[in-house]
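Position 1, counted from 1, in the sequence shown is what the UniProt record's numbering calls 1; the numbers after and before it change by one each time, with no gaps.
Don't be surprised by glycine CBs; every beta carbon is placed ideally from N, CA and C.
Keep in mind that this is a model prediction, so the values were computed, not measured.
Take a look at the structure below.
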Amino acid sequence: MQAIPVMHVFCVKLAAWLREELHIKHTLKNLKAKIVTLYLVKWCSLAYEDATWELKADIDQSKIDEYERIAAREPNTERVDRPSAADWNKLESSREYRNGNALREYQLEGLNWLTFNWYNS
């Protein structure tokens with residue numbers, strides 16, 4: 001069974017840096033060097049340590065297009081004003097999540113701690 005490649009944003013940025021390094025080293029050895037585009041591919045069902053460098057020609061173009069679309073997005077840098085500390089209310093119980101799940105006691109405590117610190121910067 002053959003693994004299917006999945007592109008991850010952090011991988012391609014690193015690949016661009018390595019591509020230039022490989023090009024420079026190769027150019028020093030051989031003046032007829034050509035630029036080779038490599039991508040770091042995280043394979044489905046395999047750990048990150050098993051990611052491999054692949055040639056652009058060996059990767060599905062739709063995966064490269066998907067990465068470029070995601071990489072081109074502008075982050076939302078709109079600042080959110082903190083509410084006043086007097087507005088903070090401790091959550092006594094969790095709401096119900098999908099499939100009837102709820103936060104465990106330690107998760108609820110952590111959520112209360114996070115929101116308390118947000119309100120009381």
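Between which two residues does the beta strand (DSSP E) containing residue i stretch?
i	result
residue 63	Taken as a continuous stretch (DSSP letters only), residue 63 belongs to no beta strand (DSSP E), being part of the alpha helix (DSSP H) at 61-71.
Measuring straight from C-alpha to C-alpha, what distance separates residue i and residue j?
i	j	result
residue 41	residue 69	17 Å
residue 111	residue 101	16 Å
residue 52	residue 44	12 Å
residue 56	residue 36	8 Å
residue 99	residue 76	32 Å
residue 48	residue 84	42 Å
residue 106	residue 63	39 Å
residue 67	residue 121	36 Å
residue 108	residue 78	28 Å
residue 54	residue 87	53 Å
residue 61	residue 39	12 Å
residue 126	residue 50	Here the chain has residues from 1 to 121 only, and residue 126 is not among them.
residue 95	residue 89	15 Å
residue 115	residue 59	43 Å
On the DSSP letters alone, give me the boundaries of the alpha helix (DSSP H) that residue i sits inside.
i	result
residue 97	Here residue 97 belongs to no alpha helix (DSSP H), and DSSP marks it neither H nor E.
residue 114	105-119
Can you give the beta carbon distance from residue i to residue j, rounded, assuming they're within the 8 Å contact cut?
i	j	result
residue 118	residue 82	7 Å
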